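Beneath this line is the structure, given in structure tokens, with notes to follow.
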Amino acid sequence: MNNLAGIDLNLLTVLEALLAERHVSRAALRLNRSQPAVSHALARLRLLFDDPLLVRQGGGLGPTARALEIQPHLGEALDRMRHLLAPAGFDPSSERRTFRLAMSDYGAAVLLPKLVPLLRTEAPHSDLLVTQASREAMEAQILDGEIDLALAVFPDLGKQLARSLLFEDRYVCLADAAGQPPSGGLDLAAYLARPHALVALRADVENEIDRALVALGHRRRICLTLPHWGVAPRLISGTNIILTVARGILPPSIEADGLRLFEPPFALPPVPFTQIWHPRRQGDPAHQWLRERIGGFFRAG
Numbered sequence: 001m002n003n004l005a006g007i008d009l010n011l012l013t014v015l016e017a018l019l020a021e022r023h024v025s026r027a028a029l030r031l032n033r034s035q036p037a038v039s040h041a042l043a044r045l046r047l048l049f050d051d052p053l054l055v056r057q058g059g060g061l062g063p064t065a066r067a068l069e070i071q072p073h074l075g076e077a078l079d080r081m082r083h084l085l086a087p088a089g090f091d092p093s094s095e096r097r098t099f100r101l102a103m104s105d106y107g108a109a110v111l112l113p114k115l116v117p118l119l120r121t122e123a124p125h126s127d128l129l130v131t132q133a134s135r136e137a138m139e140a141q142i143l144d145g146e147i148d149l150a151l152a153v154f155p156d157l158g159k160q161l162a163r164s165l166l167f168e169d170r171y172v173c174l175a176d177a178a179g180q181p182p183s184g185g186l187d188l189a190a191y192l193a194r195p196h197a198l199v200a201l202r203a204d205v206e207n208e209i210d211r212a213l214v215a216l217g218h219r220r221r222i223c224l225t226l227p228h229w230g231v232a233p234r235l236i237s238g239t240n241i242i243l244t245v246a247r248g249i250l251p252p253s254i255e256a257d258g259l260r261l262f263e264p265p266f267a268l269p270p271v272p273f274t275q276i277w278h279p280r281r282q283g284d285p286a287h288q289w290l291r292e293r294i295g296g297f298f299r300a301g
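Its first residue numbered 1, the sequence shown is counted upward by one per residue in the UniProt record's numbering.
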């Protein structure tokens with residue numbers, strides 16, 4: 001591939017989609033092409049790289065070692081080309097762009113009520129695609145170019161990604177008000193004696209609350225694990241379950257619903273809500289515009 005003469009560079013966008021989707025039909029939908037056209041392009045790519053690139057694996061395609069070697073360089077090269085060919089600036093009032101964001105429902109609750117009206121007002125021709133994934137999956141999606149921006153709590157973020165701290169929240173405990181102390185909450189022994197709810201996409205992923213307890217030589221009993229912050233408070237009503245969550249996910253009137261807030265009986269780190277992106281997106285005018293607008297929500301608040 002040393003000589004670019006005679007090579008259809010559009011094939012590289014097909015390869016990018018195939019490596020992201022790992023499925024011919026989904027890649028075709030992503031590219032707005034027919035499945036036979038994408039299959040034909042894959043055959044040409046295999047000849048071009050002298051490698052199968054993607055092989056049958058379960059219900060989809062798995063990348064070869066050569067494909068995995070190519071993928072990060074391919075994404076970087078195509079992003080550079082898009083940046084080179086893009087207008088010098090971004091005019092949100094007239095240009096069309098699809099912004100691909102990933103966040104938890106905590107992130108959705110604090111961000112989307114601000115972001116969606118702004119996009120409809122300032123960038124009416126742009127679309128917003130929001131997905132949800134674990135922190136680890138979001139980082140991988142950023143690195144692979146599948147999403148533009150991820151917004152969540154990333155306490156152990158690697159150095160290869162760019163980031164911007166938007167705000168810091170704090171942990172609070174929530175329990176049914178019946179039978180609770182009128183003030184002062186629970187001490188550590190009483191806290192540990194009760195069952196707990198954990199909000200996580202996967203129960204086996206370490207979290208800041210249990211990490212802090214383990215450092216003190218304690219463990220709590222998790223009786224309920226669920227992936228959504230929003231529904232969790234309703235599930236503990238009328239039970240003896242304790243929910244330890246970021247304060248920002250809870251409405252100001254939460255105690256009017258028969259629940260009581262109290263401080264955790266042990267020290268917990270702050271909850272840093274951060275937006276992260278790939279450094280190669282740093283100079284993209286539309287990406288810069290979006291990051292700045294998102295940052296402005298929380299600077300103003």
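We treat Cβ as the ideally placed atom computed from N, Cα and C, and that holds for glycine.
Nothing here was measured: the structure is a model prediction, and the numbers come from that model.
Per DSSP, residue i is paired with what?
i	result
residue 277	162
residue 167	273
residue 199	226
residue 103	151
residue 172	245
I believe residue i touches residue j by the beta-carbon criterion, under 8 Å. Please report the beta-carbon distance rounded to the nearest angstrom.
i	j	result
residue 190	residue 267	The pair is not a contact, with the Cβ atoms about 17 Å apart (cut-off 8 Å).
residue 143	residue 278	7 Å
residue 185	residue 151	The pair is not a contact, with the Cβ atoms about 30 Å apart (cut-off 8 Å).
residue 164	residue 274	7 Å
residue 141	residue 77	Not a contact, Cβ separation roughly 19 Å.
residue 90	residue 276	About 20 Å; that fails the 8 Å criterion.
Give me, in chain order, the residues of the same chain whose beta-carbon lies closer than 7 Å to that of residue i; leave out the 5 immediate sequence neighbours on both sides.
i	result
residue 17	27, 30, 31
residue 23	60, 61
residue 55	61, 62, 64
residue 25	35
residue 216	266
residue 178	none
residue 192	218, 220
Taking just the CA atoms, how far does residue j sit from residue i?
i	j	result
residue 295	residue 167	9 Å
residue 66	residue 72	11 Å
residue 114	residue 149	16 Å
residue 48	residue 94	38 Å
residue 206	residue 264	18 Å
residue 271	residue 98	29 Å
residue 81	residue 208	40 Å
residue 302	residue 7	Because the chain is modelled from 1 through 301, residue 302 falls outside the range shown and cannot be assessed.
residue 252	residue 43	58 Å
Less than 6 Å between C-beta atoms, sequence neighbours within five positions excluded: which residues of the same chain meet that for residue i?
i	result
residue 281	287
residue 242	173, 175, 194, 196
Got a sec: is the Cβ-Cβ distance from residue i to anything in chain C below 8 Å?
i	result
residue 148	Going by chain labels, chain C is absent from the structure shown, which holds only one protein chain.
Beta carbon of residue i, beta carbon of residue j: below 8 Å?
i	j	result
residue 139	residue 158	yes
residue 53	residue 12	no
residue 233	residue 200	no
residue 119	residue 126	yes
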